[in-house]
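A short write-up of the structure that comes next.
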Amino acid sequence: MTNWREKVKQAETLEDLKRHLEKLDDIYPDSCHLASDQLLFMVKDGRERLVVAISKGERACEFEGETSQLGGFTVKQAHLNAKNAQVLRSLLPWTSPQALGTSGISMGLGDRLGLASPGHLKAISGTQVRPVLAQQSMRELELTNRTYVDVLDAATWAVFQAGYQGGYGADGDHLKKIEDIRMALELGFSMITLDCSEHINDGILKLDDAEVQVRYNQLPASKRQELEELYQNQRYNLQSGRTINMDLEHYRRMVLTYHQALDFMEEVYEQVIAKLDRMIDFEISIDEVATPTTPQDHFFVANELKRRDIKVCSVAPRFCGHFEKGIDYMGNLAQFEEEFAVHAAIASHFGYKLSIHSGSDKFSVFPIIGTYARTTGYHVKTAGTNWLEAVRVIANVNPDLYRTLHQKALDSLAAARKYYNVSMDLAKVPDINTLSDQKLPELLDQDDARQLLHITYGFMLQDSKLRADIYEVLREHEDLYEEFLIRHMNRHLKALGIKE
Ligand SMILES: [Zn+2]
3 MTNWREKVKQ AETLEDLKRH LEKLDDIYPD SCHLASDQLL FMVKDGRERL
53 VVAISKGERA CEFEGETSQL GGFTVKQAHL NAKNAQVLRS LLPWTSPQAL
103 GTSGISMGLG DRLGLASPGH LKAISGTQVR PVLAQQSMRE LELTNRTYVD
153 VLDAATWAVF QAGYQGGYGA DGDHLKKIED IRMALELGFS MITLDCSEHI
203 NDGILKLDDA EVQVRYNQLP ASKRQELEEL YQNQRYNLQS GRTINMDLEH
253 YRRMVLTYHQ ALDFMEEVYE QVIAKLDRMI DFEISIDEVA TPTTPQDHFF
303 VANELKRRDI KVCSVAPRFC GHFEKGIDYM GNLAQFEEEF AVHAAIASHF
353 GYKLSIHSGS DKFSVFPIIG TYARTTGYHV KTAGTNWLEA VRVIANVNPD
403 LYRTLHQKAL DSLAAARKYY NVSMDLAKVP DINTLSDQKL PELLDQDDAR
453 QLLHITYGFM LQDSKLRADI YEVLREHEDL YEEFLIRHMN RHLKALGIKE
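FYI, this note's numbering numbers position 394 of the sequence shown as 396, with every residue one higher than the one before it.
Encoded structure:
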């Protein structure tokens, strides 16, 4: 019989029991909470976590699980399944996701495996950062064999385990279809990132001026007239004192690039978002394209959103340079700084947060982001590199499994490259057959190997044997994974100027 059961037998009241349980190490002490005359907490049972509800007398908690009597109490011990996550959210409202609003600093802390959130919460504790713990795109769901229910429930259990009551978000990330948005909202997601890439005309960038003129003239005359009055050769003064100039040549390209995307944003907003009876965070993403969002483009999109009465919490432009997966920013830092300052001023002018996607490991631009967007507020999405920290754990504690994963990555690279655009050079990835076990973790510090291991995660996780092995190692080395995640997130927070 484990320790916590002894304490239940001896306790007089739930308050008394709570005080005693918080000192034990077979439970997660921060999870102990009283709600509706029940004491709730999470216990470690071997490698599994369970939720326990204790009530005075005969009344048992609604969790589906095993009921027993101990002393004067009824004990319900239950698995961390979907039904029980729902019960927990109704008992402890802070375990439900919530909208985080249009200001302040938030971070997307996507958790591919459903194991990283406790470490993420520890990393941000004591800072002003508000976490979006559940954050997956349809592509990531497919590649990890998970559903939105799993993703949301993992976040619910993580905040419960950590006793984190600061409020967290759940992001239906890069959604492109109305039915997917409805599904995420029905499950209780608190944020929708609308991916407009399929409606942005990415080809305009390459056309010559004459062709642009021809295409522009094909737009309906009424639309041209309306937009010309508003934007063509216009100057706009932002509250910060900066000026946006819409010269004629760029004006036409801008309209052709974005006009259909704007209609799409309006359609989604009117059909779904405006009809909701609760607050959510609605983010507009125009970043998943090749066409960089110039400050003029950003202003145009922002001003059209306002004119169409579309309320957003954040906008994600496609910044200059490259934000590739798993590695630092690539591009001209001086240009990035100059343009980022204007993007932040535009966001501030229109009253929303600036959103930075693929934000893992972009250490060279973090000081710029932290400086210029601090007062406006910003949202940085990170996710993928907590997977790489998981792989780092495996490289450290189970070299044989690491070697198998590495081989799987090599075998699936060609297929993975269809999903992810990366510049990695396979020739630069050291041959693992020449490396001793002790040297394997160093691969996680080499850019080409990082991208190799990063973009092939789905192929490793879809192999059921590998998947089981990965989860087993990470559950067994929960503390080491947490330690690596905290160290990794601290590097982000320090570079952003959030932590000392
Ligand atoms: Zn994006």
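For every residue, glycine included, the Cβ atom is placed at its ideal position computed from N, Cα and C.
C-alpha gap between residue i and residue j, whole angstroms
i: residue 184; j: residue 398; result: 42 Å
i: residue 243; j: residue 41; result: 56 Å
i: residue 197; j: residue 145; result: 18 Å
i: residue 375; j: residue 8; result: 53 Å
i: residue 6; j: residue 318; result: 48 Å
i: residue 493; j: residue 365; result: 8 Å
i: residue 3; j: residue 72; result: Caution applies to residue 3, whose pLDDT of 46 falls short of 50 and renders its modelled position unreliable; the value that the coordinates give is listed next. The straight-line gap from Cα to Cα measures roughly 12 Å.
i: residue 489; j: residue 388; result: 11 Å
i: residue 262; j: residue 437; result: 52 Å
i: residue 57; j: residue 396; result: 41 Å
i: residue 474; j: residue 52; result: 17 Å
i: residue 316; j: residue 379; result: 9 Å
i: residue 350; j: residue 377; result: 8 Å
i: residue 97; j: residue 122; result: 16 Å
i: residue 333; j: residue 302; result: 24 Å
i: residue 363; j: residue 330; result: 5 Å
i: residue 137; j: residue 182; result: 14 Å
i: residue 232; j: residue 338; result: 28 Å
i: residue 124; j: residue 481; result: 12 Å
i: residue 241; j: residue 29; result: 53 Å
i: residue 443; j: residue 325; result: 24 Å
i: residue 103; j: residue 439; result: 47 Å
i: residue 69; j: residue 441; result: 50 Å
i: residue 223; j: residue 335; result: 41 Å
i: residue 202; j: residue 430; result: 35 Å
i: residue 187; j: residue 435; result: 48 Å
i: residue 219; j: residue 152; result: 49 Å
i: residue 308; j: residue 354; result: 11 Å
8 Å contact criterion, which residue i and residue j should meet: CB distance rounded
i: residue 407; j: residue 468; result: 7 Å
i: residue 158; j: residue 91; result: 6 Å
i: residue 129; j: residue 496; result: Between residue 496 and residue 129 the Cβ distance is about 11 Å, and since that is not below 8 Å, they are no contact.
i: residue 457; j: residue 421; result: 7 Å
i: residue 313; j: residue 284; result: 7 Å
i: residue 341; j: residue 321; result: 7 Å
i: residue 293; j: residue 204; result: 5 Å
i: residue 505; j: residue 390; result: Residue 505 is absent from the structure shown; the chain starts at 3 and stops at 502.
Residue i: CB within 6 Å of a non-hydrogen atom of ligand 1
i: residue 359; result: yes
i: residue 182; result: no
i: residue 290; result: yes
i: residue 366; result: no
i: residue 287; result: yes
Candidates the options, of which the one nearest residue i by Cα
i: residue 279; options: 63, 192, 478 and 61; result: 192
i: residue 116; options: 110, 98, 271 and 135; result: 135
i: residue 206; options: 259, 123, 310 and 11; result: 259
i: residue 67; options: 89, 225 and 378; result: 89
i: residue 373; options: 268, 49 and 107; result: 107
i: residue 12; options: 49, 478, 181 and 74; result: 74
i: residue 587; options: 269, 333, 332 and 82; result: Lying before the first or after the last residue shown, residue 587 is absent from the chain, which here runs from 3 to 502.
i: residue 189; options: 203, 171, 22 and 202; result: 171
i: residue 381; options: 105, 84, 204 and 426; result: 105
i: residue 36; options: 21, 471, 140 and 472; result: 21
i: residue 113; options: 409, 168 and 143; result: 143
Test item: CB-CB of residue i and residue j under 7 Å
i: residue 383; j: residue 345; result: no
i: residue 163; j: residue 120; result: yes
i: residue 424; j: residue 453; result: yes
i: residue 101; j: residue 282; result: yes
i: residue 352; j: residue 411; result: no
i: residue 111; j: residue 133; result: yes
i: residue 394; j: residue 446; result: yes
i: residue 78; j: residue 55; result: yes
i: residue 76; j: residue 64; result: no
i: residue 356; j: residue 306; result: no
i: residue 300; j: residue 348; result: yes
i: residue 160; j: residue 487; result: no
i: residue 200; j: residue 225; result: no
i: residue 392; j: residue 476; result: yes
i: residue 82; j: residue 38; result: no
i: residue 234; j: residue 253; result: yes
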